[in-house]
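Student: Be aware that the sequence shown starts at 0, since it is given in numbering that gives the first Met the number 0, and climbs by one per residue. Built from N, CA and C at the ideal position, the CB exists for glycine as well. For clarity, every value in this text was computed on a predicted model and none was experimentally measured.
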Amino acid sequence: MTRRTEWPDSPEPGGPASGYGAADGFAAERGAAADADGARSGRRSRGGPGARGGFGEGAGRRGRSGTRGSGSPSSSRAGEGEPRGSGEPRDPVEQARGICLRLLTGTPRTRKQLADALRKREIPDEAAEEVLSRFEDVGLIDDAAFAGAWVESRHHGRGLARRALVRELRTKGVDSAVIDEAVGQLDADQEEETARELVARKLRSTRGLDRDKRLRRLAGMLARKGYGEGMALRVVRQALEEEGEDTEGLDEPF
């Protein structure tokens, strides 16, 4: 008999999954998929139709079967998601889907992050590709939305400049074209304004140091956050001038 893989229904256009940039919408879509899977698993566990083709019967079900202490080998196999009375291993597609849903709980991830996790757990490439492609279809994986949300969060929350954001997104496997589009939301004026805010917050802690040491400390802080040398020097010099520091000779690169 051919086994059929069951998936959650695709989201309605404009529904929760379509607004990936909003964390609540993304979480709601994941929760709906998980709830639907749990409901199907519950029906199959009572021996109803389709009990052999169960998709997504996971660790929670196995834990419950262990506490009941039935002592029956067939009950143990059923609790592990295997067909009753059969020694067949779990479908790798089921395993891949369960892994991805668990990893997506609480935080979005890129397709590459999930693919790496499946590879580490020795999920066959064909099964991994099927699950990842389906998750993209229903909006549970969206690298473009991930990159946009990452830029928004890391720039406003940590003050990172475009260069640092590009570096981080590359490590997460986001495509270069998608990265360029995401960091394009930050223009030069906004980036410089953020640099000024960072220096203003750090300036007080450098008072009492000599001018050159203040310069190195403030400019170094901006460099670590991805700001270019020219912008960092200009922003720090202006901040020091506003405090009455003599900035003569600070036009040279540091």
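Determine contact between the region 207 to 218 and the region 140 to 159, defined as no fewer than three beta-carbon pairs at a distance below 8 Å.
Tutor: Flag = no, the region 207 to 218 and the region 140 to 159 do not touch.
Student: Here's the rule I'm using: 16 or more other beta-carbon atoms within 10 Å means buried, otherwise exposed. How should GLN112 be labelled?
Tutor: One-based indexing of the sequence shown puts residue 112 at position 113. When all chains shown are included, GLN112 counts as buried.
Student: In angstroms with no decimal places, state the Cα-to-Cα distance between GLU129 and ARG120.
Tutor: On the sequence shown, position 130 is the one that residue 129 refers to. On the sequence shown, position 121 is the one that residue 120 refers to. Going by the C-alpha atoms only, they are around 16 Å apart.
Student: Below 6 Å CB to CB, which residues in the same chain sit around PRO91 once its five sequence neighbours on both sides are set aside?
Tutor: Along the sequence shown, one-based indexing puts residue 91 at 92. ILE122, PRO123, ALA126.
Student: Classify THR109 as buried or exposed, calling it buried when 16 or more other Cβ atoms lie within 10 Å of its own Cβ.
Tutor: In the sequence shown, the residue the question calls residue 109 occupies position 110. THR109 comes out buried.
Student: Can you tell me where the alpha helix (DSSP H) with ALA146 in it begins and where it stops?
Tutor: Within the sequence shown, residue 146 is the residue found at index 147, counting from 1. Taken as a continuous stretch (DSSP letters only), the alpha helix (DSSP H) holding ALA146 covers 142 to 157.
Student: Quick check on ASP245: does DSSP put it in helix, strand or coil?
Tutor: If you number the sequence shown from 1, residue 245 lands on position 246. Reduced to three states, the DSSP call for ASP245 is coil.
Student: For LEU113, which three-state DSSP category applies?
Tutor: Position 114 of the sequence shown holds residue 113. LEU113: helix per DSSP, three-state reduction.
Student: Taking buried to mean at least 16 other C-beta atoms within 10 Å of its own C-beta, is ALA199 buried or exposed?
Tutor: The residue given as residue 199 occupies position 200 in the sequence shown. It is exposed - the Cβ of ALA199 has fewer than 16 other Cβ atoms within 10 Å.
Student: Can the beta-carbon of ALA144 be found closer than 7 Å to that of ALA181?
Tutor: Your numbering for residue 144 matches position 145 in the sequence shown. Your numbering for residue 181 matches position 182 in the sequence shown. No. Outside cutoff.
Student: Using three-state DSSP, classify ALA256 as helix, strand or coil.
Tutor: Residue numbering for the chain in the displayed model covers 0 to 253; residue 256 lies beyond these limits and cannot be assessed.
Student: Can the beta-carbon of ALA187 be found less than 7 Å from the beta-carbon of TYR226?
Tutor: Locating residue 187 in the sequence shown gives position 188, where the first residue counts as 1. Locating residue 226 in the sequence shown gives position 227, where the first residue counts as 1. Not a contact, by the Cβ cut-off of 7 Å.
Student: Determine the contact status of ALA160 and GLU135, defining contact as a CB-CB distance below 7 Å.
Tutor: As a first step, residue 160 must be located in the sequence shown, where it is residue number 161. As a first step, residue 135 must be located in the sequence shown, where it is residue number 136. It is not a contact, given that the beta carbons lie outside the stated cut-off.
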